[in-house]
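Asks: Before I ask anything, let me first share the structure, which is written out below as structure tokens.
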Amino acid sequence: MTSSDRDKPGPDGRSLPVFFNCSKCPAYCCSYDRIDVGRRDIQRLARHFNLSYEQAEKRYTRIACGDRVLRHQKDHIFKSVCRFLDREARRCTIYEARPDVCRGYPYSSRCGYYDFLA
């Protein structure tokens with residue numbers, strides 16, 4: 160993610176400064192245990208893969224603590240990551256159809272990965 164991707168107006172209408180660059184990250188956000196998805200996200204996945212809602216829900220999600228989340232896959236950097244992460248390129252394979260939680264991440268001008276490294 161670059162600054163142009165995250166230049167969303169803050170509460171006062173001005174753009175928030177960006178203090179991260181996703182191209183330099185090994186996909187830390189994709190390693191979160193829970194990547195929550197809702198109906199709209201599953202519908203987006205179904206359209207992307209030309210599946211029914213039920214097929215997409217069954218194939219790509221699971222229930223964790225009562226909530227619907229994306230399934231994971233094993234990873235050589237982190238223990239596990241989102242099933243849609245290309246583990247070699249470290250990029251999302253469904254970027255256009257990614258869930259809302261991924262579209263809005265990191266919800267601020269800072270990313271937790273950069274804070275972790277500091």
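Each residue of the sequence shown is one higher than the last, beginning at 160 in the numbering used here.
All residues carry an ideal CB built from backbone N, CA and C; glycine is no exception.
Rounded to the nearest angstrom, how far is the Cβ of residue 260 from that of residue 195, given a contact under 8 Å?
Replies: Against the sequence shown, residue 260 aligns to sequence position 101. Against the sequence shown, residue 195 aligns to sequence position 36. Right, the Cβ-Cβ distance comes to about 5 Å (below 8 Å), so this counts as a contact.
Asks: Determine the burial state of residue 264: buried for a count of at least 16 other Cβ atoms within 10 Å of its Cβ, exposed for fewer.
Replies: Taking the sequence shown and counting its residues from 1, the one referred to as residue 264 is at position 105. So residue 264 ends up on the buried side.
Asks: Alpha carbon to alpha carbon, how far is residue 205 from residue 165? Give it in angstroms, no decimals.
Replies: In the sequence shown, counting from the first residue as 1, residue 165 sits at position 6. In the sequence shown, counting from the first residue as 1, residue 205 sits at position 46. Since pLDDT at residue 165 reaches only 46, below the 50 mark, its modelled position is unreliable, and no value is offered.
Asks: What would DSSP say about residue 210, mapped onto helix, strand or coil?
Replies: Locating residue 210 in the sequence shown gives position 51, where the first residue counts as 1. Residue state, collapsed to three classes: coil.
Asks: Which same chain residues, not among the five before or five after residue 220, have their C-beta less than 8 Å away from its C-beta?
Replies: Counting from one through the sequence shown, the residue named residue 220 turns up at place 61. 196, 201, 227, 228, 229 and 230, listed in sequence order.
Asks: Should residue 216 go down as buried or exposed, given a rule of 16 or more other Cβ atoms within 10 Å for buried?
Replies: Here residue 216 corresponds to residue number 57 of the sequence shown, with the count starting at 1. Classification for residue 216: buried.
Asks: Go to residue 241, then tell me how far its beta strand (DSSP E) extends in each direction, as first and last residue.
Replies: Mapped onto the sequence shown, residue 241 falls at position 82. Unbroken beta strand (DSSP E) run through residue 241: 239–241.
Asks: Is residue 164 helix, strand or coil by DSSP?
Replies: Counted from its first residue, the sequence shown places residue 164 at position 5. Because the pLDDT of residue 164 is 44, which lies under 50, any placement of that residue in the model is unreliable, and the question is left without a value.
Asks: Assign residue 222 to one of three DSSP states: helix, strand, or coil.
Replies: Numbered from its first residue, the sequence shown carries residue 222 at position 63. In the structure shown, residue 222 sits in a strand (DSSP, three-state: E or B).
Asks: Please classify residue 224: is it buried, with 16 or more other beta-carbons within 10 angstroms of its beta-carbon, or exposed?
Replies: Against the sequence shown, residue 224 aligns to sequence position 65. Exposed is the call here.
Asks: In or out: residue 186 buried (at least 16 other Cβ within 10 Å) or exposed?
Replies: Position 27 of the sequence shown, counted from the first residue, corresponds to residue 186. Counting Cβ neighbours within 10 Å, residue 186 comes out buried, since at least 16 surround it.
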